[in-house]
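The sequence shown lines up with residues 271 to 395 when you count with this note's numbering.
Right, one structure below, let's go through it.
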Amino acid sequence: MAEPFDEAPVPETGRALPTEILGLRSTIDNIDAALVHLLAERFRATQRVGELKATEGLPPADPQRDRQQIDRLKAIASGAGLDPEFAEQFRHFIVSEVIRRHERIAAEHAAAGRAEDVPPLDTYS
């Protein structure tokens with residue numbers, strides 16, 4: 271059976287898009303929005319971790335937790351049919367943003383005159 275098409279033509283081809291593509295694009299848009307909201311929530315949590323570690327004098331890094339998180343996410347990715355290496359790269363991308371934010375928190379603490387009381391922030395939270 272022929273696929274129903276949307277009425278609006280695609281500029282590059284002049285052909286209309288199949289309805290299924292339009293539906294899938296809508297699903298993709300919804301997933302992208304959910305991912306952005308989830309990342310925002312994650313960054314709120316890691317920001318608080320950075321603040322607490324800075325004010326409580328906790329060790330700045332936990333390499334054991336970092337390794338556990340990488341292993342855990344790779345296992346989850348594998349079980350979900352996603353390339354585990356991609357999951358590790360994605361995590362690295364996110365942690366890079368956490369590092370940038372933690373550097374900003376440390377700078378704010380330093381500007382407030384508390385630099386000598388604040389250990390470097392945990393980039394592995």
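A virtual CB, placed ideally from N, CA and C, is assigned to each residue, including glycine.
| Item | Value |
| --- | --- |
| Collapsed DSSP secondary structure at Pro288 in the structure displayed | strand |
| Rounded straight-line distance, which links the Cα of Ile375 to that of Ala381 | 10 Å |
| Classification of Ala315 by the beta-carbon crowding that lies within 10 angstroms, buried from 16 upward | exposed |
| Which of helix, strand or coil DSSP assigns to His379 | helix |
| Beta-carbon proximity of His379 to Ala304, cut-off 8 Å | no |
| Whole runs of the alpha helix (DSSP H) within the stretch 280 to 363, excluding any shorter than 4 residues | 289 to 326, 333 to 349 |
| Rounded Cβ spacing between Pro333 and Lys344 (contact assumed at less than 8 Å) | 16 Å between Cβ atoms; not a contact. |
| Sub-8 Å separation of Arg371 and Gln317 beta-carbons | yes |
| Local Cβ density within 10 Å of Gly320, reported as buried at 16 or more and exposed below that | buried |
| For Thr283 and Arg337, the rounded distance between their alpha carbons | 48 Å |
| Ile340 vs Glu326 beta-carbon contact at 8 Å | no |
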